[in-house]
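The opening position of the sequence shown corresponds to residue 1 in the UniProt record's numbering, with each subsequent residue numbered one higher.
Ideal Cβ placement from N, Cα and C applies to all residues, glycine included.
What follows is a set of notes on a single structure, which appears directly below.
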Amino acid sequence: MWTSSTSSSSAWDASASLSSLLIFLASCAALALLLSYFGAKASPQSLRDPIPGLFNTLQFMFNNEKFMARVQNAVKGGQNIIRFYLGPKTVYLVAGPQNIRAVFGRELVHEVTNQEQMTRYALPTLYKMTPDEVRRWETDHSVLGLPGWLNPKPSKTHDRYVAAIERWLEIVSRDFNWESTDAEADWEPRFGGRAVRELYIWMKETKWRTKVIAATLGALCFALTSNSIPTTIWMLMEIIQDPTLLEAVREEIRAVATNDPKTGKITLDSQNLVALPLLQSIWTETLRLRINFNIVRDVKHPITLGGNTIAKGALLQVPMMVAYYDEVTWGATGHPASEFWAERHIKYTEDLDEAGKTHRKPKYAMAGHPTSHFPFGGGANICPGRQLAKFEVFTTIALILLRFDIELVEWTNPDGSASKRAAKGDKRYCGAGAMPPDRDMKIRLRHMY
């Protein structure tokens with residue numbers, strides 16, 4: 001009887017969940033049709049939606065690469081502002097230098113913001129949050145705005161991630177000596193950097209729940225590592241697979257490094273390191289091809305963009321994939337925008353030396369306009385850690401290339417077997433930030449010092 005009862009209960013739960021899902025999807029479809037009908041007079045064209053309110057929503061969420069490919073084709077057809085419905089939400093995809101400049105510009109800074117997005121879905125603007133906002137954020141259990149029953153896999157992954165951080169916090173806070181010098185250190189082995197420890201103290205003092213503290217620190221960890229680590233790996237892969245480029249980069253780095261012959265200690269001039277032209281070009285090219293997501297802004301008041309009226313409550317999204325693969329902006333003879341070219345952002349000038357001989361000198365110069373390159377966002381909400389990330393990545397690469405002689409052996413598939421092609425971006429991460437390589441590079445290392 002118990003088994004039969006449990007089976008009946010499980011079947012009822014599954015049926016109820018399916019019914020709820022169908023009702024949700026049907027509601028989205030009906031609302032999308034109504035919005036499309038009443039917004040028919042609006043000038044931005046809508047992205048074709050074979051199943052109104054459903055097809056675009058599901059493709060955007062679960063096959064973002066194909067969705068963005070459709071957007072690219074629409075932009076090539078002359079549409080720079082494209083409307084679609086993400087469930088019940090009206091979204092406008094923005095392309096074109098003038099429109100992007102307007103979204104990030106000062107004129108719309110109070111009308112177009114990302115405060116709502118940051119407050120609900122990412123690390124909150126802590127110093128601005130009222131007690132009501134804290135409570136609202138604490139009780140928001142959605143992942144990307146969707147309830148767990150509708151999108152269970154990421155919800156379960158999120159829960160495991162937060163639970164692991166909770167266990168870590170329990171251990172480090174229990175064993176930490178708050179009266180020791182570690183409590184004031186810039187770094188110590190339990191909490192790591194001082195920022196993490198100070199943030200933890202603040203949240204404990206303001207009575208945040210342990211789970212919310214763990215989720216907040218998890219968001220901070222994600223922000224610090226999710227883009228910088230894949231970017232570092234991609235830069236190394238591009239450099240190592242081309243022996244000529246490897247030697248050119250190494251020679252450039254040597255100019256800003258000193259080595260103690262007795263200890264082998266390498267000292268880098270960090271300010272000059274991040275200004276090296278070839279390394280900067282590789283950095284810019286890597287960010288252009290490997291960082292892939294949409295910059296999101298909430299429309300707080302009606303605005304006019306590209307001659308179109310955008311209503312309050314809509315979302316603006318500026319897709320990197322559209323801007324970064326534009327041939328007019330980034331293409332060069334023999335080097336299409338879709339391919340990596342280490343010297344795409346290098347210009348050569350002719351300088352005379354003391355003997356009167358002419359030398360070609362490389363200078364860093366971004367190939368496209370800054371409004372077509374925004375891996376850290378733009379405007380007033382641009383990422384404040386972008387310079388730290390650059391120093392971090394450049395220093396890591398410089399030390400590896402100076403310490404080791406590196407040789408490519410072969411490319412390997414995830415199962416360890418040999419691959420017949422080099423790595424490409426893992427399309428499963430399209431729309432989520434830095435796309436990691438879809439396969440590995442097997443290398444041979446030899447200490448140089």
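Secondary structure note for residue 295: it is in no alpha helix (DSSP H), and the uninterrupted beta strand (DSSP E) holding it is 294-299.
Less than 8 Å divides the Cβ of residue 448 from the Cβ of residue 405. Between residue 358 and residue 349, the alpha-carbon positions lie close to 10 Å from each other.
Of the candidates 224, 385, 277 and 356, the residue whose Cα lies closest to the Cα of residue 345 is 277. In the DSSP assignment, residue 447 falls outside any alpha helix (DSSP H) and within the unbroken beta strand (DSSP E) covering 440-447. For residue 193, same chain residues with a beta-carbon under 8 Å away, outside a window of 5 residues either side, are 186 and 187 in chain order. Residue 217 and residue 360 have their C-alpha atoms spaced approximately 49 Å apart.
Contact between residue 299 and residue 316 holds: CB atoms are separated by about 6 Å, below the 8 Å threshold. The region 256-266 and the region 284-296 do not touch, with fewer than 3 CB-CB distances between them shorter than 8 Å. A residue is called buried once 16 or more other Cβ atoms fall within 10 Å of its Cβ, and residue 371 is buried on that count. Rounded to whole angstroms, the gap between the alpha carbons of residue 240 and residue 190 is 35 Å. Taken atom to atom, the span from the alpha-carbon of residue 249 to that of residue 76 is near 36 Å. Sequence-distant Cβ neighbours of residue 49 in its own chain, meaning closer than 6 Å and more than five residues away, are 55 and 56. Ranked by Cα distance from residue 233, the options 319, 314 and 401 are led by 401. Ranking 114, 268 and 435 by CA distance to the CA of residue 231 puts 435 first. Just so you know, the alpha carbons of residue 92 and residue 252 end up roughly 44 Å apart. For the region 340-414, the continuous alpha helix (DSSP H) assignments of 4+ residues that do not extend past its boundaries occur at 386-403, in sequence order. Bounds of any alpha helix (DSSP H) do not take in residue 106, whose DSSP letter is neither H nor E. Straight-line spacing of the CA atoms in residue 156 and residue 163 works out to 10 Å.
Residue 46 and residue 433 have their alpha carbons spaced roughly 25 Å apart. The continuous stretches of beta strand (DSSP E) do not include residue 72, which lies in the alpha helix (DSSP H) extending over residues 64-76.
Contiguous alpha helix (DSSP H) elements confined to the region 173-234 occur at 194-205 and 210-225, taking only those with 4 or more residues. Shown here, residue 324 sits in a helix according to DSSP, grouped into three states.
In the structure shown, residue 254 falls within a helical segment according to DSSP collapsed to helix, strand and coil. For residue 64, the closest alpha carbon among the candidates 78, 52 and 86 is that of 86. Distances from the CA of residue 443 to each of 238, 396, 109 and 311 were compared; the closest alpha carbon is that of 238. Cβ contact annotation for residue 351 (same chain, cutoff 6 Å, sequence separation greater than five): 359 and 361, in chain order. The shortest CA-to-CA distance from residue 331 to any of 314, 309, 301 and 366 is the one to 366. By the C-beta density criterion, residue 446 is exposed, having fewer than 16 other C-beta atoms within 10 angstroms. Note on geometry: alpha-carbon atoms of residue 95 and residue 429 lie some 21 Å from one another. Minimum Cα-Cα distance from residue 62 among the listed residues 439, 437 and 431 corresponds to 431.
CA-to-CA, the gap between residue 182 and residue 396 works out to about 26 Å. Non-local C-beta neighbours of residue 301 in its own chain, meaning closer than 7 Å and more than five positions away in sequence, comprise 111 and 312, ordered along the chain.
Note on geometry: alpha-carbon atoms of residue 398 and residue 282 lie some 13 Å from one another. For residue 106, the closest C-alpha among the options 379, 387, 417 and 73 is that of 379.
For residue 272, the enclosing alpha helix (DSSP H) covers residues 270-273.
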